[in-house]
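Peer 1:
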Amino acid sequence: MKIAYYIFISFLFILLLFATTTFINFRLSGTINSNTEYLSTSTEIIRNSGRFQRNILNMISGLRGYLLTGERSFIDSYDASQAENDTILTDLSSLITDTNQIQLLKEIKALNDKWMDEYTEPLRKAKMLVGVSDSNLQVFNKFYKDKFLTGDEQAIQADLKQKFKQFSSLEYRIREERKAVLNKTVNDTRELSFGLTMVSLVIALVVVSFLVRKISRRIAAMTQMANAIAAGNYNANIRDTGNDELSSLGYSLNHMADELSKNISLLKRSNEELDQFAHIVSHDMKSPLRGISNVVTWIEEDHKQELSPKVDQYLHIIRERIVRGENLIEGILSYARVGKEELERETLDLNLLVSEIVENLPMDRHIQVEVAPLPVVYSEKFLLFQVFSNLIGNAIKYNDKEVGLVKVYCEEHLTEYEFFVEDNGIGIAAPYHKKIFTIFQTLSDKDASASTGVGLAIVKKILDGKKKAILLRSEPGKGSVFSFTWPKY
Ligand code: ADP
């Protein structure tokens with residue numbers, strides 16, 4: 004399966020778990036909300052039931068006061084309490100949902116109605132008529148005796164009280180039950196969401212470590228392979244039996260390494276062939292050149308008197324061309340030699356090496372060579388000799404100034420040296436700064452026997468072999484500075 008699918012499915016799964024946790028928590032908050040609402044309703048129910056009972060007491064004492072004194076203020080208090088109780092009964096019936104409570108409330112209402120219809124209201128009316136006639140007083144006294152002194156009215160009161168007690172304790176019980184349910188829900192939800200979060204975390208960890216193991220091990224193998232290729236081991240390859248993106252990358256890397264290996268072998272072979280060719284051609288060309296040189300010498304020696312000045316001049320030109328040809332052959336041979344042989348490294352005092360080079364270079368004009376103290380290095384003498392002699396040789400060769408000045412100096416860096424060969428010579432125009440490093444590229448007259456266009460190509464080849472760079476700063480007429488880096492061993 005593809006790695007992208009693994010990642011996608013794992014994240015989908017984890018997301019699903021988190022969504023479930025969120026949904027559960029959302030549901031819990033709903034339950035808590037409805038319970039909080041219920042609690043305030045319940046408080047309202049208890050408060051109303053208390054007020055109802057207090058109102059009945061008020062009504063009793065109001066009625067008693069009126070019966071004893073006949074004062075209206077007592078009956079007003081009775082009326083106010085009765086009116087409030089009517090409202091309370093309506094409110095209560097809209098607040099309760101429990102069937103037992105509904106039933107109890109019905110019974111309370113019936114008892115209340117009975118108490119009022121059969122006892123309090125008729126008694127009150129009778130009392131109002133007492134002052135009108137004596138017979139009315141008798142009616143009142145009889146009524147009072149029949150209804151109140153029998154204890155029936157007190158039984159209704161006790162019944163009402165009992166019903167209210169039941170009603171309230173039912174309310175308290177419902178409240179406790181809901182509280183217990185709520186606590187359980189909260190605990191269950193807490194445990195569930197904690198469990199789900201933990202499961203998501205564990206799954207996330209497992210998935211991540213699985214992916215990291217699956218990916219990083221293989222990426223490490225690929226990095227190793229790339230490093231091996233960079234170090235020149237083109238036979239390195241990756242064994243990956245998977246069937247995902249990394250497997251195809253591994254396959255492509257193997258393919259690339261194979262192709263590189265083939266191409267490098269081809270390149271090596273053609274380079275070897277080219278070197279061989281250069282060797283053979285150079286050697287083969289040397290003898291005809293030597294032959295021509297001999298013939299010129301014979302002509303000059305045997306026919307000196309017969310030669311006209313013109314022919315003498317031609318012979319001189321032939322000699323110059325022979326020298327140029329020989330220089331070219333030597334240059335090609337040196338170029339072909341570079342990088343072919345394993346060279347020994349040795350401790351080299353570059354001050355000595357450079358002064359040896361300077362002493363052996365032709366100085367046909369007044370040229371001053373300044374060599375700043377150079378380091379003692381551990382390196383291949385032949386290579387450094389080639390680089391310095393070509394650069395210093397050019398600095399002397401291409402100098403048109405009255406006083407030619409050549410400076411050689413060095414800067415030391417952490418892992419390498421940087422050498423400079425500076426001159427105040429003819430300089431090089433910017434478009435040629437790169438071109439002059441290709442073989443046979445000369446900017447001077449082709450006929451000049453000392454100019455073959457091989458020297459800088461040799462320098463470049465040597466530095467390429469060291470994976471180091473050569474830079475040129477130069478302007479026509481203002482001289483040139485060649486700088487190159489060299490590894491510290
Ligand atoms: P050669 O010197 O044999 O021609 P090189 O490869 O050494 O070959 O140099 C290539 C060309 O670069 C030279 O022909 C010359 O025109 C130019 N050149 C090299 N060094 C310098 C220099 N220090 N100042 C001016 N021109 C230079």
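Each residue of the sequence shown is one higher than the one before, counting from 4 in the working numbering. For glycine and all other residues, C-beta sits at the position ideal for the given N, C-alpha and C. On a predicted model such as this, the values are computed, not experimentally measured, just so you know.
#1: Just checking ASN427 against ligand 1 - is the residue's beta carbon closer than 7 Å to any of the ligand's heavy atoms?
#2: For ligand 1, any of its heavy atoms closer than 7 Å to the Cβ of LYS400?
#3: With which residues is PHE487 paired in a DSSP beta bridge?
#4: In three-state terms, what does DSSP make of GLU414?
#5: Just verifying my parser: in three-state terms, what is the DSSP assignment at TYR374?
#6: Taking its Cβ as the centre, do 16 or more other Cβ atoms sit within 10 Å of PHE443, making it buried, or is it exposed?
#7: Looking at the structure shown, is GLY328 part of a helix, part of a strand, or coil, going by DSSP?
#8: Using three-state DSSP, classify VAL409 as helix, strand or coil.
#9: Looking only at its own chain, which residues have a Cβ that is under 6 Å from the Cβ of PHE391, when we skip the five neighbours before and after it?
#10: Considering only the beta carbon of each residue, do ILE218 and ILE6 sit closer than 8 Å?
#11: If I measure Cβ to Cβ from ILE48 and keep anything under 7 Å in the same chain, skipping five residues before and after, which residues do I get?
#12: With a threshold of 7 Å (Cβ to nearest heavy atom), would VAL390 be considered close to ligand 1?
#13: Can you tell me whether LEU132 is helix, strand or coil according to DSSP?
#14: Quick one, are the C-beta atoms of HIS473 and LYS463 less than 8 Å apart?
#15: Taking 7 Å as the cut-off, is the CB of ILE335 close to at least one heavy atom of ligand 1?
#16: Could you spell out where the beta strand (DSSP E) holding LEU1 opens and where it closes?
#17: Return yes when at least one heavy atom of ligand 1 lies under 7 Å from the C-beta of LEU446, else no.
#18: For VAL2 and ASN354, I'd like the C-alpha separation in whole angstroms.
#19: Please work out which residues of its chain come closer than 8 Å, Cβ to Cβ, to VAL202, disregarding the five sequence neighbours upstream and downstream, and give them in chain order.
#20: For LYS112, which residues in the same chain have their Cβ closer than 8 Å to its Cβ, ignoring the five residues on either side in sequence?
#21: Would you check whether ligand 1 has a heavy atom nearer than 7 Å to the C-beta of ASN236?
#22: If contact is defined by three or more beta carbon pairs under 8 Å, each pair taking one atom from either stretch, is the segment 383-398 in contact with the segment 340-355?
#23: To the nearest angstrom, report how far apart ASN51 and LEU208 are at their CA atoms.
#24: Out of GLU405, THR441 and TYR492, point me to the one whose CA is closest to TYR420's CA.
#25: Measuring from the CB of ALA460, is there a heavy atom of ligand 1 at a distance below 7 Å?
#26: Between LEU263 and ILE232, which are expected to be in contact by the criterion C-beta below 8 Å, what is the C-beta distance as a whole number of angstroms?
#27: Between ARG127 and LEU60, which are expected to be in contact by the criterion C-beta below 8 Å, what is the C-beta distance as a whole number of angstroms?
#28: Would you be able to state if there are at least three C-beta pairs under 8 Å between the segment 472-489 and the segment 424-434?
#29: For TYR381, which three-state DSSP category applies?
#30: Cβ of SER483 versus every heavy atom of ligand 1: is any distance shorter than 7 Å?
#31: If you draw a straight line from the alpha carbon of ILE321 to that of ASN257, how long is it in whole angstroms?
#32: For chain D, check one thing: does any of its Cβ atoms lie closer than 8 Å to the Cβ of LEU474?
#33: Examine ligand 1 and report whether any of its heavy atoms sits within less than 7 Å of the Cβ of SER454.
#34: Identify every residue that forms a DSSP beta bridge with GLU478.
#35: Which word fits PHE440, buried or exposed, when buried means at least 16 other C-beta atoms lie within 10 angstroms of its C-beta?
Peer 2: By the coordinates alone:
#1: Numbered from its first residue, the sequence shown carries residue 427 at position 424. The answer is no for ASN427.
#2: Taking the sequence shown and counting its residues from 1, the one referred to as residue 400 is at position 397. Indeed, a heavy atom of ligand 1 lies less than 7 Å from the Cβ.
#3: For this step, residue 487 is matched to residue 484 along the sequence shown. In the DSSP output, where bridge partners are listed per residue, PHE487 has PHE422 and ILE473.
#4: Along the sequence shown, one-based indexing puts residue 414 at 411. DSSP places GLU414 in strand when its eight states are reduced to three.
#5: Along the sequence shown, read from residue 1 onward, the residue named residue 374 stands at position 371. The amino acid at residue 374 is misidentified as Tyr; the sequence shows Val. Reduced to three states, the DSSP call for VAL374 is strand.
#6: As a first step, residue 443 must be located in the sequence shown, where it is residue number 440. With fewer than 16 other Cβ atoms from the protein chains shown falling within 10 Å of its own Cβ, PHE443 counts as exposed.
#7: Within the sequence shown, the letter at position 325 stands for residue 328. When DSSP states are grouped into helix, strand and coil, GLY328 belongs to the helix group.
#8: Here the question's residue 409 lines up with position 406 in the sequence shown. It is a strand residue.
#9: Numbered from its first residue, the sequence shown carries residue 391 at position 388. Excluding five sequence positions before and after PHE391, the CB atoms of its chain that fall closer than 6 Å to its own CB belong to VAL357 and ILE360, given in chain order.
#10: On the sequence shown, position 215 is the one that residue 218 refers to. On the sequence shown, position 3 is the one that residue 6 refers to. Yes.
#11: Position 45 of the sequence shown, counted from the first residue, corresponds to residue 48. Around ILE48, the same chain offers LEU95, LEU98, ILE99 and GLU174 as residues with beta carbons nearer than 7 Å, after the five sequence neighbours per side are excluded.
#12: Along the sequence shown, read from residue 1 onward, the residue named residue 390 stands at position 387. VAL390: no, Cβ never under 7 Å from ligand 1.
#13: In the sequence shown, counting from the first residue as 1, residue 132 sits at position 129. Secondary structure of LEU132 (DSSP, three-state): coil.
#14: If you number the sequence shown from 1, residue 473 lands on position 470. If you number the sequence shown from 1, residue 463 lands on position 460. The identity of residue 473 in the sequence shown is Ile, whereas the question assumes His. Yes, the Cβ-Cβ distance between ILE473 and LYS463 is below 8 Å.
#15: Translated into the one-based positions of the sequence shown, residue 335 becomes position 332. It does not: the Cβ of ILE335 is nowhere closer than 7 Å to a heavy atom of ligand 1.
#16: Only positions 4 to 492 of the chain appear in this structure, which leaves residue 1 out of reach.
#17: If you number the sequence shown from 1, residue 446 lands on position 443. Under cutoff, so the answer is yes.
#18: Outside the displayed range of the chain (4 to 492) lies residue 2, so it cannot be described from this structure.
#19: Taking the first residue of the sequence shown as position 1, residue 202 is located at position 199. The residues are LEU20.
#20: Translated into the one-based positions of the sequence shown, residue 112 becomes position 109. So the list reads LEU92, once near-sequence residues are dropped.
#21: Your numbering for residue 236 matches position 233 in the sequence shown. Every heavy atom of ligand 1 is 7 Å or more from the Cβ of ASN236, so no.
#22: With contact defined as three or more Cβ pairs closer than 8 Å, the segment 340-355 and the segment 383-398 are in contact.
#23: What you label residue 51 is simply residue 48 of the sequence shown in a count that begins at 1. What you label residue 208 is simply residue 205 of the sequence shown in a count that begins at 1. Cα-Cα distance, rounded: 57 Å.
#24: Within the sequence shown, numbered from 1, the residue matching residue 420 stands at position 417. The candidate whose alpha carbon is nearest that of TYR420 is TYR492.
#25: Counted from its first residue, the sequence shown places residue 460 at position 457. Distances taken from the Cβ of ALA460 to the heavy atoms of ligand 1 include one shorter than 7 Å.
#26: Mapped onto the sequence shown, residue 263 falls at position 260. Mapped onto the sequence shown, residue 232 falls at position 229. With a beta-carbon spacing of about 7 Å, LEU263 and ILE232 fall inside the 8 Å limit used to define contacts.
#27: Start at 1 with the first residue of the sequence shown, and residue 127 comes out as number 124. Start at 1 with the first residue of the sequence shown, and residue 60 comes out as number 57. Not confirmed; about 17 Å, so no contact.
#28: Touching, per the Cβ criterion.
#29: Within the sequence shown, numbered from 1, the residue matching residue 381 stands at position 378. Taken through DSSP and simplified to helix, strand or coil, TYR381 comes out as strand.
#30: In the sequence shown, the residue the question calls residue 483 occupies position 480. The answer is yes for SER483.
#31: The count along the sequence shown starts at 1 and reaches residue 321 at position 318. The count along the sequence shown starts at 1 and reaches residue 257 at position 254. Across the structure, ILE321 and ASN257 are spaced so that their CA atoms are roughly 58 Å apart.
#32: Among the protein chains of the structure shown there is no chain D, as only one such chain exists.
#33: For this step, residue 454 is matched to residue 451 along the sequence shown. True, at least one ligand heavy atom lies under 7 Å from that Cβ.
#34: By one-based count along the sequence shown, residue 478 stands at place 475. GLU478 is bridged to GLY482.
#35: Numbered from its first residue, the sequence shown carries residue 440 at position 437. With 16 or more other Cβ atoms within 10 Å, it is buried.
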